[in-house]
Every structure is written in C-alpha cells, then in structure tokens.
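Asks:
There are 2 protein chains.
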Amino acid sequence: MTIQDAGAARPAGRPRSEKAEKAILEATLDLIGEGMGISELSIEAIAARAGVGKTTIYRRWSNKEDLVVDALATLKAPVPPLAGESVRDDLVTLLDQMRDESGHVRTKCVMNIALSESDRYPHLFEKFRKIAIEPRRAAMRQVLERGMASGELRSTLEIELAMAILTGTMVWFTKWGDTSDRGPELAEGIVDQVLAGIAP
Amino acid sequence: MTIQDAGAARPAGRPRSEKAEKAILEATLDLIGEGMGISELSIEAIAARAGVGKTTIYRRWSNKEDLVVDALATLKAPVPPLAGESVRDDLVTLLDQMRDESGHVRTKCVMNIALSESDRYPHLFEKFRKIAIEPRRAAMRQVLERGMASGELRSTLEIELAMAILTGTMVWFTKWGDTSDRGPELAEGIVDQVLAGIAP
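Taken in sequence, the protein lines are chains L and U. No gaps in the numbering here: position 83 of the first sequence is 83 in full-length UniProt numbering, and each next residue is one more. No gaps in the numbering here: position 26 of the second sequence is 26 in full-length UniProt numbering, and each next residue is one more.
1. Nearest-angstrom Cα distance between Ser62 of chain U and Val171 of chain L?
2. Please state the DSSP three-state secondary structure of residue 241 of chain U.
3. Using the three-state DSSP reduction, which class does Val52 of chain L fall into: helix, strand or coil?
4. Quick check: the Cα distance between Trp176 of chain U and Thr56 of chain U, rounded to an integer number of angstroms?
5. What does a CB cutoff of less than 8 Å around Thr179 of chain L pick up in its chain, not counting 5 residues either side in sequence?
6. For a contact meaning CB atoms closer than 8 Å, what does Val194 of chain L contact in chain U?
7. With 9 Å as the threshold, decide whether the Cβ of Leu29 of chain L is near any Cβ in chain U.
8. Under 9 Å between C-beta atoms, does residue 246 of chain L make it to chain U?
9. Counting along the chain, where does the alpha helix (DSSP H) carrying Lys175 of chain L start and finish?
10. Which same chain residues end up closer than 6 Å to Gly168 of chain L when comparing Cβ atoms and leaving out the 5 residues on each side of it in sequence?
11. Leaving out five residues on either side along the sequence, give the residues of the same chain with a beta carbon under 8 Å from the beta carbon of Glu44 of chain L.
12. Given that Ser39 of chain U touches chain L, what residues does it touch there, using C-beta distances under 9 Å?
13. Report the neighbours of Lys108 of chain U on chain L: residues whose CB is nearer than 8 Å to its CB, in chain order.
14. Any beta carbon from chain U within less than 9 Å of Ser180 of chain L's own beta carbon?
15. Under a Cβ-count criterion, where at least 16 other Cβ atoms within 10 Å of its own Cβ denotes burial, should Glu126 of chain L be classed as buried or exposed?
16. With H, G and I counted as helix, E and B as strand and the rest as coil, what does DSSP make of Tyr58 of chain L?
17. Report yes or no: is there a C-beta of chain L within less than 9 Å of the C-beta of Leu95 of chain U?
18. Near Ala23 of chain L, which residues of its chain fall below 6 Å by C-beta distance, leaving aside the five closest residues on each side in sequence?
19. Would you kindly work out how many angstroms separate the C-alpha atoms of Gln193 of chain U and Leu91 of chain U, rounded to a whole number?
20. Between Val68 of chain U and Asn112 of chain U, what straight-line distance do the alpha-carbon atoms span, to the nearest angstrom?
21. Which residues of chain U have a Cβ atom closer than 7 Å to the Cβ of Ala138 of chain L, listed in chain order?
22. Determine the chain L residues that contact residue 215 of chain U at a beta-carbon separation under 9 Å, and present them in chain order.
23. Nearest chain U C-beta to Ile190 of chain L closer than 9 Å, yes or no?
24. Does any residue of chain U bring its CB to less than 9 Å from the CB of Leu72 of chain L?
25. Determine contact between the stretch 81-97 of chain L and the stretch 140-150 of chain L, defined as no fewer than three beta-carbon pairs at a distance below 8 Å.
26. Out of curiosity, what's the CA-to-CA distance linking Lys76 of chain U and Ser17 of chain L?
27. In chain order, what residues of the same chain lie with their CB nearer than 8 Å to the CB of Val191 of chain L, ignoring the 5 residues before and after it?
28. Tell me whether the beta-carbon of Leu161 of chain U lies closer than 9 Å to the beta-carbon of Ala199 of chain L.
29. In terms of residue numbering, what span does the alpha helix (DSSP H) encompassing Leu195 of chain L cover?
30. Let me know the secondary structure DSSP gives Arg99 of chain L once reduced to three states.
31. Name the chain L residues whose beta carbon is nearer than 9 Å to that of Leu157 of chain U?
32. Using the C-alpha atoms, what's the distance from Tyr58 of chain U back to Gly189 of chain L?
33. To which residues of the same chain is Arg146 of chain L closer than 7 Å at the C-beta, ignoring the five residues directly before and after it?
34. Look up Ile38 of chain L in the DSSP assignment and say whether it is helix, strand or coil.
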C-alpha cells in the first residue's frame, strides 16, 4: 500500500493518522540524510525515530522500498516555471534548479541513493524515476524540441545526447565540483558552452 | 600501513605472504562487487572470504579504509596511450576507456562508491582521487591545453568547465544510459557534439 492509496482509502479528518504518516516519512528522510544506505535502513529504526510502532508503518506500507520511494518523492520540487521565450534561458532555469537543490543535505542523500543504489534496488529506482525524474526530463526535452523548431538549436540535434550533456555536466559539478559558493552563473556557463561548442 | 609500505618493508621472496595479500584484496573487491557498502564491510567478513585470520589483515593494514583504497586502486587501468595527433581523437580515446571500464561489474561498484560514499568517507575518497582519478584528469587537461595552443580548440576555453562537460556526460551515460551495446561511437558522438556545440 502506498501513501497515496492510504490517503484515498482513509476517511477525511483523522489527524492523528496523518501526523503519524508525516513523522514516518520525516524519520525515513532523517536516517537517509544521516547517510544511511537503504540496506541498513530498517523498519525498526524508522519506527523508533518516528515514535510509532512498527505495525503503524506496516498498515501504510507493505515494504521498506515503497516507504523509501514515497519519502524521497516528497523532496523533489516541481518542475520550475519556464518563461518560454528563450531556449537558452529555459535551459539555464532547469539546470539552475539542479544546482540549487544539490545544496540541501537531504537532496544530496537522494542523489547518492539514485546514483549508487539503482543497481541494487531497481524496483525502487524505477518508481522514483517515474515520480521524480521523468517530469523534469520531459520538460527539458520539450525545450530542446522547441529550440530545434525555432532555429535556436541545430535542427539535426540528437536530443538524448544533448540532454545527457546538459544534465551530466551539472550532476558532475554537484557531486565533485564545488557548487557551494556558485550561483546561477554556473548554469549559464554550462549552457553557453554547450550551445557554442569548445571548437573555435 | 599500506600495501606499498608492506611490500617495501618485507624481505624479498615470501610467497605465502604475497598470496595472502592478494587474497585479501580480492576478497575485499568481491564483497564490494556484490554490492556491499563500505560501512557494511567488516574486517571479519573480508578475513572469512579470504580464508585468512584477522591478524593477517591487521599486520598489513591498520584500518578498513586503507585496505579499501588499495583494493580499489588495483582496479583502475593506467591512462590509455594517446596518439597525440588529433585532440578530437585523444579525447575520444579517454572517454571510450571510461565507457569500456564501466561494463565491468567491479568497476561499476567502484564508481558507486566514488559517487555515493565520498561524503561519508572523505579521507578514503581523497586517497582514491589521488591514486586513480587525478592521473586521468591530468591527461585530459594536457590534451585540452594542447588543443588551445594548436587552434583545435577555442583559445579562451575554460578548461575545468570543458572537462566537466566531457567527463560528466560519459558518467551520465554509464550510470543511467544504456552503454551495454554501444561501442566507441558513443565517445565519438559526445566529443563531436561537445566540439561543435548544439546551437546552429
């Protein structure tokens, strides 16, 4: 049972239950945020941190993976609004949100899980991809298609490759570069360099 | 004590000891290759897998992190030889090695650790960076500098940004794209697109 199902099935106005749910999700994020991997995470530890019994958790989630997906999904901000005037500016907006989010400790842990545990928990990662990653990829794909139609981008562009270049570069910076004292100029620098190319 | 120190301190020709060392490094890689995170990895488990006593391990490595660094370092192939004729071709060679290595299960696990556990084990990651990552970065930096000097690349290029674009894109593909049935044409596609830019 996922949290959405639970919400749909439950009669309106049971604040104690909602409070418990929130505490469980928060406890899960706390533990992940402290660096705990999914395999180390236990329903026992989550229950203890949330101050609820294990049965309270099992009433809502049939397994740990579903709980982790729901907890991770609460962290992802919606796709940012795009001005839709310049392809360059919209790409900067999309990339700058990635940089901005990477500054939060919890988002860092989500990234770590997405990066490292996807082989080990393919089911979990698949759900997370659908809920949290695909909407952003769809937004970027749309911007690139618009640019190809408008002439702002090469009409022969390989969209998947362009998306990998833009996203991969920002992921690289958020993981191994120092983004702590960098503002939106990082996203601008990446987009402009990728637009212009490194050849003369 | 690292394995290098041990090697230097030990009189020549103690095959039993060398065999034990190799078994310990292999056992460490086996366990990591099976998806075990560094925090889950224990000297006990490594000793059991290697068929040696814990003291045999502690005689060579004073702690788990040093042992893991030495084990990971054995996996990294040396920087590939570069023809030095065309900047484009040398960049393809460097990126294609990344793709090629990513196909090995053990290297995947190393990547996962480098990606996810660097916040948790900064000391380990720092050593690994020095031994295994920096030599490759230095090679790529040299190729880019050569290109700026020869006119194959823009003379105003921001080298760190160009390196992040090239490396980040290939890392993205090895993690989230499907590289299993792709050959060197992936590296070629990335390099050509980054050289030319996505604008018309």
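Even for Gly, the Cβ is constructed at its ideal location relative to N, Cα and C. Note that the coordinates shown come from a computational prediction; the quantities given were computed from them, not determined experimentally.
Replies: This is what the structure holds:
1. Start at 1 with the first residue of the second sequence, and residue 62 of chain U comes out as number 62. Start at 1 with the first residue of the first sequence, and residue 171 of chain L comes out as number 171. Cα to Cα, Ser62 of chain U sits roughly 35 Å from Val171 of chain L.
2. The displayed coordinates of chain U run from 1 to 200. Any statement about residue 241 of chain U would go beyond what the structure contains.
3. Numbered from 1 along the first sequence, position 52 holds the residue referred to as residue 52 of chain L. In the structure shown, Val52 of chain L sits in coil (DSSP, three-state: anything other than H, G, I, E or B).
4. Along the second sequence, one-based indexing puts residue 176 of chain U at 176. Along the second sequence, one-based indexing puts residue 56 of chain U at 56. Straight-line Cα distance between these residues: approximately 40 Å.
5. Taking the first sequence and counting its residues from 1, one reaches residue 179 of chain L at position 179. Answer for Thr179 of chain L: Arg99, Ser102, Gly103, Phe173, Leu186, listed in chain order.
6. If you number the first sequence from 1, residue 194 of chain L lands on position 194. The contacting residues are Ile165, Val194, Gly197, Ile198.
7. Taking the first sequence and counting its residues from 1, the one referred to as residue 29 of chain L is at position 29. Closer than 9 Å: no.
8. Here chain L has residues from 1 to 200 only, and residue 246 of chain L is not among them.
9. For the purposes of this step, residue 175 of chain L is identified with residue 175 of the first sequence, where counting begins at 1. From DSSP, the alpha helix (DSSP H) with Lys175 of chain L extends over 159-176.
10. Numbered from 1 along the first sequence, position 168 holds the residue referred to as residue 168 of chain L. Around Gly168 of chain L: no qualifying Cβ.
11. The residue you call residue 44 of chain L lines up with position 44 of the first sequence. The answer, listed in chain order, is Lys54.
12. Here the question's residue 39 of chain U lines up with position 39 in the second sequence. Those within 9 Å of Ser39 of chain U in chain L are Gly35, Met36, Gly37, Glu40.
13. Residue numbering aside, residue 108 of chain U sits at position 108 when the second sequence is read from its first letter. Residues of chain L passing the Cβ test: Asp119.
14. Reading the first sequence from its first residue, position 180 is the one you call residue 180 of chain L. Cβ-Cβ to chain U under 9 Å: no for Ser180 of chain L.
15. Taking the first sequence and counting its residues from 1, the one referred to as residue 126 of chain L is at position 126. That one is exposed.
16. Here residue 58 of chain L refers to the residue found at position 58 of the first sequence. Looking at Tyr58 of chain L - three-state DSSP - the assignment turns out to be helix.
17. Position 95 of the second sequence holds residue 95 of chain U. Chain L contact via Cβ: absent.
18. For the purposes of this step, residue 23 of chain L is taken as the residue at position 23 of the first sequence. Cβ neighbours of Ala23 of chain L beyond the five flanking positions: Ala50.
19. Taking the second sequence and counting its residues from 1, the one referred to as residue 193 of chain U is at position 193. Taking the second sequence and counting its residues from 1, the one referred to as residue 91 of chain U is at position 91. If you take the alpha carbons of Gln193 of chain U and Leu91 of chain U, they lie about 12 Å apart.
20. Against the second sequence, residue 68 of chain U aligns to sequence position 68. Against the second sequence, residue 112 of chain U aligns to sequence position 112. Going by the C-alpha atoms only, they are around 14 Å apart.
21. Your numbering for residue 138 of chain L matches position 138 in the first sequence. Correct list: empty, because the minimum Cβ distance to chain U is about 15 Å.
22. Not covered by the structure: residue 215 of chain U. The range shown for chain U is 1 to 200.
23. To locate residue 190 of chain L, count along the first sequence from 1; it is residue 190. At a cut-off of 9 Å between C-beta atoms, Ile190 of chain L counts as an interface residue with respect to chain U.
24. For the purposes of this step, residue 72 of chain L is identified with residue 72 of the first sequence, where counting begins at 1. Cβ-Cβ to chain U under 9 Å: no for Leu72 of chain L.
25. yes
26. Counting from one through the second sequence, the residue named residue 76 of chain U turns up at place 76. Counting from one through the first sequence, the residue named residue 17 of chain L turns up at place 17. The straight-line gap from Cα to Cα measures roughly 52 Å.
27. On the first sequence, position 191 is the one that residue 191 of chain L refers to. Cβ neighbours of Val191 of chain L beyond the five flanking positions: Arg88, Leu91, Val92, Leu95, Leu166.
28. In the second sequence, residue 161 of chain U corresponds to position 161, counting from 1. In the first sequence, residue 199 of chain L corresponds to position 199, counting from 1. Result no, Cβ atoms of Leu161 of chain U and Ala199 of chain L do not sit closer than 9 Å.
29. Stepping through the first sequence from its first residue, residue 195 of chain L is reached at position 195. DSSP places Leu195 of chain L in the uninterrupted alpha helix (DSSP H) bounded by 185-196.
30. Sequence index remark: in the first sequence, residue 99 of chain L carries index 99 (1-based). Residue state, collapsed to three classes: helix.
31. The residue given as residue 157 of chain U occupies position 157 in the second sequence. Simply Gln193, Ile198.
32. Stepping through the first sequence from its first residue, residue 189 of chain L is reached at position 189. Stepping through the second sequence from its first residue, residue 58 of chain U is reached at position 58. Rounded to whole angstroms, Gly189 of chain L to Tyr58 of chain U spans 48 Å at the Cα level.
33. Translated into the one-based positions of the first sequence, residue 146 of chain L becomes position 146. Excluding residues within five positions, the ones whose Cβ falls inside 7 Å are Val87.
34. Position 38 of the first sequence, counted from the start, is the residue given in the question as residue 38 of chain L. Ile38 of chain L: coil per DSSP, three-state reduction.
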